[in-house]
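Novice: Submitted below is the structure of interest, expressed as structure tokens.
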Amino acid sequence: MFRNLFLVLVSEPAERVVHADDLSSTTIVPVTSAEEGAAVAAASEWDLVELYGGLGLDAAAAVVAALVDAAPGVPVGFPGDVGPSPSPVVLFEDPAADQEKHRWRFGSTTVIAVPSTDEVPALAARLAEEGATRIELCGGMGPVPAAAVRAVVDVPVTTVLFGFESLPSAAAYRARFEASLTTHD
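Numbering of the sequence shown is given in this note's numbering, commencing with residue 252 and proceeding in unit increments.
Put into structure tokens, the structure is as follows:
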């Protein structure tokens, strides 16, 4: 079982959500500061940690310092810690996802699981038309879908990428993940 942590910066405290399937458990934790995010990351063992909601470089540095043997990913697409956007949307991929069922709100932040990166540009365009003020993509998607989203929306787009210090843990995570897919089928 893969243990993923998504830290989402929010202005008001909110309850965490656990999204689990046969392969992974993703814990989505709303935090009100970089320090709180680092404390949450340090409190348990995670295979992967991703930052959203305006948690940027300062938060990533704090989380990296707090982690041992996990792959922290930082959002790329805006400088430093910019704080919460009025209505950000975080999108992450889960092949078994139902966009309506696997959708959570933390204050003004919406987190949605999507079954395929192919659906992300059209969904992001619809969300921007409905008022999303920033689209944030999970590290499993990478820069290609982020560029496709940026081409169809007029709001900031970020994607989570992994730094050099994260490469060993990220590579081990990916190898385990791909191996589990072949044994899971």
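Using N, Cα and C, we set each Cβ at its ideal position, and we do this for glycine too.
1. Would you say the region 370 to 381 touches the region 274 to 294, given that touching needs at least three Cβ pairs under 8 Å?
2. Under 8 Å between the Cβ atoms of Gly288 and Leu306?
3. Between the beta-carbon of Val365 and the beta-carbon of Leu374, is there less than 8 Å?
4. Assign Leu302 to one of three DSSP states: helix, strand, or coil.
5. Compare the Cα-Cα distances from Ser359 to each of Phe253, Phe257, Ala265 and Tyr424 and report the closest residue.
6. Which residues in the same chain as Thr283 place their Cβ atom closer than 8 Å to its Cβ, once the five residues preceding and following it in sequence are excluded?
7. Let me know if Phe343 comes out buried or exposed under the rule of 16 or more other beta-carbons within 10 Å of its beta-carbon.
8. So, Thr361 versus Val395, is the Cβ gap smaller than 8 Å?
9. If you compare alpha carbons, which of Ala399, Val404 and Ala398 is closest to Glu380?
10. Would you identify the three-state DSSP class for Glu380, choosing helix, strand or coil?
11. Whole angstroms is fine: what's the gap from Tyr424's alpha carbon to Ala383's?
Specialist: The relevant details are as follows:
1. no
2. Here residue 288 refers to the residue found at position 37 of the sequence shown. Here residue 306 refers to the residue found at position 55 of the sequence shown. Contact: yes.
3. In the sequence shown, the residue the question calls residue 365 occupies position 114. In the sequence shown, the residue the question calls residue 374 occupies position 123. Contact flag set, yes.
4. The count along the sequence shown starts at 1 and reaches residue 302 at position 51. Residue state, collapsed to three classes: strand.
5. For the purposes of this step, residue 359 is taken as residue 108 along the sequence shown, with counting starting at 1. Ranking Phe253, Phe257, Ala265 and Tyr424 by Cα distance to Ser359 puts Ala265 first.
6. Numbered from 1 along the sequence shown, position 32 holds the residue referred to as residue 283. Result list for Thr283: Leu260, Val261, Ser262, Glu263 and Pro264, in chain order.
7. As a position in the sequence shown, residue 343 is number 92, starting the count at 1. The residue is buried, with at least 16 neighbouring Cβ atoms inside 10 Å.
8. To locate residue 361, count along the sequence shown from 1; it is residue 110. To locate residue 395, count along the sequence shown from 1; it is residue 144. No, the pair does not count as a contact, with Cβ atoms beyond the cut-off.
9. Start at 1 with the first residue of the sequence shown, and residue 380 comes out as number 129. Comparing Cα positions, the closest option is Val404.
10. Here residue 380 refers to the residue found at position 129 of the sequence shown. Here Glu380 sits in helix by DSSP.
11. Here residue 424 refers to the residue found at position 173 of the sequence shown. Here residue 383 refers to the residue found at position 132 of the sequence shown. Those two C-alpha atoms are separated by around 31 Å.
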